[in-house]
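Numbering (the numbering used here), first residue to last: 16 to 428.
By construction, the Cβ of each residue, glycine as well, lies at the ideal position given by its N, Cα and C atoms.
For clarity, every value in this text was computed on a predicted model and none was experimentally measured.
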């Protein structure tokens, strides 16, 4: 190895523990075996070590309308913060710290990011803030998010905090099935939402990023209630199984088709759309089994619908589906949605259609930046337009292609 690539001698490296390492290390060390209900108070205790006070941990509710404070010792519990109109909401939606000067110091709102999924917001007040505080608290918030997500499976408190109204059993099943609602990498960003959040049954989505291939599926199982939720569970399970076996899109469709027909019989079906996006080249492929055509968005404007050959819904034994293809440009977005979005009726009885949806997308695309903010605003605007009433499930899933091959090692520097 050349001298320039030689690693420093171990004896030459300062391995003593500094304040920041000790702070983060204590949280990590103590969290391993700590009861889940004590994790949030532990985070508040660690924040206090850097002079933080009035600490709040705010989690998004299932409807993505407010951030709800988590209760616990040493935690400040106030009223929920609206996501669309608050400092905490800005930190959450755009994954960026927000600082608000106050008479007694500076109120900080730090996004709780587990990977790139926004879990919520850590809020605290400091007398003064400098760059060392910002760096340390940003890292502390990241570690806190990871610990909260890890402990989430062991306790019901986090689920209960996020609920703002009663949830149906079918919706309980669907929410437990979902991947994180958003993902952001240098090459691609995605965000999804289900409505109505507390009673959704047959709609769902799934995605995975395997090397340079983003896999996406949106589904809509026939019917309502537990029957639809059960069918959706089988459909997503079959999709994941075939995807993880490295089966192509046509093979995935066939596998899902056999699973639904074999379990539920020939009179039951699931509409579906499966996609593969090469995030290095922008090459998009998809199979449409009964869904509305996705929208291609360029420069914050819908340029066209991605019309394609369709096959029968999953469960009906359709022929081998025809793959459709599109090459994306950097910055392009693709909006996938189920028919519950466009076949819903206004309070006065007029049916929403694709033209009205396109008008809403154009308006919101010009007002919002991030994919998560766009999906959330579009979903809530359409529901409010309907008078807050939905008669069918609706799924929105937005993909943004950000560019070609990235130097992944650069993100480690």
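Residue 222 and residue 275 have their C-alpha atoms spaced approximately 20 angstroms apart. Closest by C-alpha distance to residue 230, out of 181, 151 and 414, is 414. DSSP, reduced to helix, strand and coil, places residue 280 outside both helices and strands of the structure shown, so it counts as coil. Between residue 82 and residue 58, the beta carbon gap of about 16 angstroms keeps them out of contact (Cβ cut-off 8 angstroms). Here residue 220 has 207, 233, 410 and 412 as same chain residues with Cβ atoms under 6 angstroms from its own Cβ, once five neighbours each way along the sequence are excluded. With 16 or more neighbouring CB atoms inside 10 Å of its own CB, residue 303 falls in the buried class.
Ranked by Cα distance from residue 286, the options 337, 241, 130 and 354 are led by 354. Setting aside the 5 residues that flank it on each side, residue 73 is surrounded in the same chain by 82, 83, 84, 96, 103, 135, 136 and 138, each with a C-beta closer than 7 angstroms to its C-beta; the list follows chain order. Within the region 146-213, the complete alpha helix (DSSP H) segments of 4 residues or longer fall at 146-167, 172-177 and 184-192, listed in chain order.
Separation of residue 398 and residue 241 (C-alpha to C-alpha, rounded to the nearest whole angstrom) is 23 angstroms.
Spatial neighbours of residue 79 in its own chain (CB-CB distance under 6 angstroms, excluding positions within 5 residues in sequence) are listed in chain order as 391. A straight-line Cα-Cα distance of about 25 angstroms links residue 356 and residue 132. Under DSSP, the beta-bridge partners assigned to residue 302 are 289. Residue 345 sits away from residue 309, with the two beta carbons spaced by 8 angstroms or more. Going by DSSP, residue 107 is part of no beta strand (DSSP E) but of the alpha helix (DSSP H) stretching over 102-109. Cβ contact annotation for residue 181 (same chain, cutoff 8 angstroms, sequence separation greater than five): 213, in chain order. Taking 8 angstroms as the upper bound for CB-CB distance, residue 312 and residue 248 are not in contact here, some 31 angstroms apart. Taking C-beta atoms under 8 angstroms as the contact rule, residue 141 and residue 67 qualify, at a distance of about 6 angstroms. The C-beta separation of residue 106 from residue 113 comes to about 4 angstroms, placing the pair in contact by the 8 angstroms criterion. In this structure, residue 108 keeps its C-beta atom at 8 angstroms or more from the C-beta atom of residue 152. Looking at the DSSP output, residue 415 bridges to 204 and 348. By the Cβ-count criterion, residue 34 is exposed, with fewer than 16 other Cβ atoms from all chains shown falling within 10 Å of its own Cβ. Taking 8 angstroms as the cut-off, the Cβ atoms of residue 63 and residue 90 do not count as close. Under the three-state reduction of DSSP, residue 245 is assigned to helix.
Within a 10 Å sphere around the beta-carbon of residue 92 sit fewer than 16 other beta-carbons, which makes this residue exposed. The Cβ atoms of residue 417 and residue 110 do not sit closer than 8 angstroms to each other. Within the region 46-110, the complete beta strand (DSSP E) segments at least 3 residues long are 68-75 and 81-84, listed from N- to C-terminus.
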